[in-house]
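K.L.:
Right, I'll just put the structure down here and ask away after.
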Amino acid sequence: MTPPIYAAATVGLPSLAIYATVLFVVAAGGGVPMNLGYHWKKRWLPRALVVVHALPAAVGFIRSVVATFSARG
């Protein structure tokens with residue numbers, strides 16, 4: 000399986016798949032400070048921060064599923 004960022008750079012992907020990849024990268028970028036700032040210090044995560052992190056991940060997952068099924072015709 001080709002990683003989506005490599006596939007987007009070399010072969011090209013549908014726009015839904017590119018948006019999904021961008022949303023996954025945004026969610027991962029938000030998860031790093033959450034892990035470093037809260038989890039390692041064993042502090043509770045604020046609910047708003049969890050929601051802000053989960054929304055791009057969930058929307059990215061839905062977009063990747065839609066892109067997969069729409070690409071298969």
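According to numbering that gives the first Met the number 0, the sequence shown holds residues 0 to 72 in order.
Ideal Cβ positions, reconstructed from N, Cα and C, are used throughout, including at glycine.
No experiment lies behind these values; they were computed from the predicted model shown.
Could you check if residue 53 is buried or exposed, using at least 16 other CB atoms within 10 Å of its CB as the buried criterion?
P.N.:
With fewer than 16 other Cβ atoms within 10 Å, it is exposed.
K.L.:
Assign residue 13 to one of three DSSP states: helix, strand, or coil.
P.N.:
The answer is coil: DSSP assigns residue 13 none of H, G, I, E or B.
K.L.:
For residue 6 and residue 33, what's the separation of their Cα atoms in angstroms?
P.N.:
Cα to Cα, the separation comes out at about 29 Å.
K.L.:
Alpha carbon to alpha carbon, what distance is there between residue 44 and residue 94?
P.N.:
A query on residue 94 cannot be resolved here, the shown segment of the chain reaching from 0 to 72 and no further.
K.L.:
What's the gap between the Cα of residue 26 and the Cα of residue 56?
P.N.:
Cα to Cα, the separation comes out at about 5 Å.
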